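In what follows, a single structure is set out as structure tokens and then discussed.
Chains as they are written, first to last, in our numbering: chain W, 1 to 314; chain A, 315 to 621.
So, in structure tokens, the structure goes:
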């Protein structure tokens, strides 16, 4: 497999977020990963302390220039995640547009990180950049419920509304949308959360058909950092192997997440000791220890295909 | 295995040198790798063009401070390689010394990158810093012949010379020395090059013993970048698993190198086409494709014990 990913994300010296979270699993699955580190921090910002440096939009341009001057600016995928800077995000958009011109088949996997549980945790002025420039370029989008609602201006209270929001997101750009988590009630009870996915498959005759799925994912009683980054990276990998089968791609992706998270929580609770809440340092994903699960995830969740409207004209 | 490495090396967006060369193989072998990127460049400096930014000694200190403030500055290994800046190198030494106070069993694996084939390719003022400050705190060093001669002030014209130079290096600090390549005449013919290793042990009764090995590895007709970084990382891994058996550690390390290099050269020739010399991008190590060899290298070279 000869597949090259350009991943533009954070680097932390210790732990697994951003590029640290995405790179190893993709490499283990055989992808060539070129990585531009948007920041270098000692660790993620959930620790008591964090220190480091950020890359400016100009410096990002300079790095991309180096790649371009050597004529090695050919990529099959781009992957981006957490960003705090509008000018940085705008240079990312420019780069993607140029790379898409160089390779029209390029797939841009975008995690539109803006917030969760009803509140934004990035500067507000990123929303228009995501909405008007980033999302239109993306091919695969992994918003949570809050981000999907923000981008479309629509609330999600039912499964039908989730499907409508995903359709609106398709219209904005991406043919593949995965709502990574929602507040929708799960058929399996309150120990589960509901995720949904929608993939527009374009047929040769010009019509398109949507495969829509939903998954019930076991909730975990802990706050993890870097799981969204791992999710987007693994969705990239599994949609690459199953490009017209979102059901299987999501089952594999969600299953990998499950194995990594279980291993992590077990280790964290063990390290913390009985009755003690694990610290951010102890809750770092057990990435390296999960290599076998990453390579070949045992499927632990089944996605349900949703019946919806028949084939639509493009 | 719960083993944490702090690796302070370059980062390149594309390709495999520095931390890009060291991290993946160590992670594949189950090591936790914390990495401080001393630079971020688009690619290594053997390409026609390269662009990027360097980390200052202050910025390095700031990153280390973050780790320390969170009380997570416990490492089993530190790994360093190519550096161009004396103040940066001095900050690295301070960090290593502090980490050794936090964990007296810490092993510092140091590739004292100074030059090759008779000339220095880093600023000359790095030499005294390596000699007087870095090598004394190192536990494992991987100089080539030129670097070994430079650090000890003694020339290597025979295996006997090499053994003396390695003993001099032991006296400066590290208990494990591997001269990664030399001009010594190979017994297997001129398609090979000679490497040597020496490891000092203290017996339970307090006496010292030294295991010395000689390995001959096939020469390859190409210039690779990042192979020294991969070598140091893999020597770290295999001496970790064979702490008292330099022979086996070297056989595994040199074997991994062989597999990665062979895969790389085959692919590079295929890409370049018949009669064409492969370019630097085409010669990037086939790291990701060599995962199985990294995990479990088939031994392709035998080290001989020398006295």
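Ideal Cβ positions, reconstructed from N, Cα and C, are used throughout, including at glycine. Because the structure is a prediction, the values reported are computed rather than measured.
Query, Result
"CB of residue 396/A within 9 Å of CB of residue 344/A, strictly", "no"
"Own chain residues within Cβ distance below 6 Å of residue 268/W, not counting five before or after", "278, 282, 283"
"Given residue 57/W as reference, the closest of 86/W, 5/W, 183/W once Cα atoms are compared", "86/W"
"Proximity test, residue 395/A beta-carbon vs the ligand PLP heavy atom, cut-off 8 Å", "Questions concerning the ligand PLP fall outside what the structure shown contains, since it holds no ligand whatsoever."
"Three-state class that DSSP yields for residue 315/A in the structure shown", "coil"
"Sequence-distant residues of the same chain with beta carbon closer than 7 Å to residue 313/W, five excluded per side", "With a pLDDT of only 44 at residue 313/W, under 50, the local geometry of the prediction cannot be trusted, and the value read off the model is given with reservation. Cβ neighbours of residue 313/W beyond the five flanking positions: 207."
"Spatial neighbours of residue 495/A in its chain, beta-carbon cut-off 7 Å, leaving aside the 5 residues before and after", "458, 459, 507, 509"
"Distance CB(residue 476/A)-CB(residue 502/A) smaller than 9 Å", "no"
"9 Å Cβ cutoff, residue 411/A in contact with chain W", "no"
"Chain A contact for residue 43/W (CB, 9 Å cutoff)", "yes"
"Which residues DSSP lists as bridging residue 624/A, in chain order", "There is simply no residue 624/A to check, as chain A begins at 315 and stops at 621 in what is shown."
"Residue 610/A versus residue 20/W: straight-line alpha-carbon distance, rounded", "24 Å"
"Entirely enclosed beta strand (DSSP E) segments - the segment 25–60 of chain W, minimum 3 residues", "32–41, 52–54"
"Residues from the segment 49–69 of chain W in contact with chain A, defined by Cβ distance under 8 Å", "49, 50, 51, 52, 53, 55, 59, 62, 63, 64, 65, 66, 67, 69"
"Inter-residue Cα distance where the pair is residue 59/W and residue 36/W", "10 Å"
"Whether residue 162/W touches residue 247/W by CB criterion (9 Å)", "no"
"Below-9 Å beta-carbon distance, residue 281/W vs any chain A residue", "yes"
"Rounded C-alpha distance that separates residue 446/A from residue 366/A", "31 Å"
"Below-9 Å beta-carbon distance, residue 10/W vs any chain A residue", "no"
"For residue 192/W, the first and last residue of its enclosing beta strand (DSSP E)", "192–202"
"Cα-Cα separation, residue 188/W to residue 572/A", "53 Å"
"Straight-line Cα distance separating residue 197/W from residue 185/W", "16 Å"
"Chain W within 9 Å of residue 346/A, Cβ atoms only", "yes"
"Near-chain W residues of the segment 359–375 of chain A - C-beta to any C-beta below 8 Å", "361, 362, 363, 364, 365, 366, 367, 369, 373"
"Beta-bridge pairing of residue 528/A - partner residues as DSSP gives them", "510/A, 618/A"
"Alpha carbon of residue 427/A to alpha carbon of residue 360/A, nearest angstrom", "16 Å"
"Contact between the segment 409–425 of chain A and the segment 39–55 of chain W (3+ Cβ pairs under 8 Å)", "no"
"Residue 357/A classed as buried or exposed, judged by whether at least 16 other C-beta atoms fall within 10 angstroms", "buried"
"Status (buried if at least 16 other CB within 10 Å, exposed otherwise) for residue 310/W", "Caution is warranted here: a pLDDT of 49 is assigned to residue 310/W, below 50, making its placement in the model unreliable, and no coordinate value can be reported."
"Where the segment 30–41 of chain W meets chain A: residues whose CB sits under 9 Å from a CB there", "30, 31, 32, 33, 34, 35, 36, 37, 40, 41"
"Option nearest residue 465/A by Cα separation, candidates 474/A, 525/A, 487/A", "487/A"
"Contact with chain A by residue 27/W, beta-carbon distance below 9 Å", "yes"
"Any C-beta of chain A under 9 Å from that of residue 277/W", "no"
"Collapsed DSSP secondary structure at residue 384/A in the structure displayed", "coil"
"Sheet register partners of residue 232/W (DSSP bridge)", "Beta-bridge pairing links residue 232/W to no other residue."
"Closer than 9 Å to chain A by CB, residue 17/W", "no"
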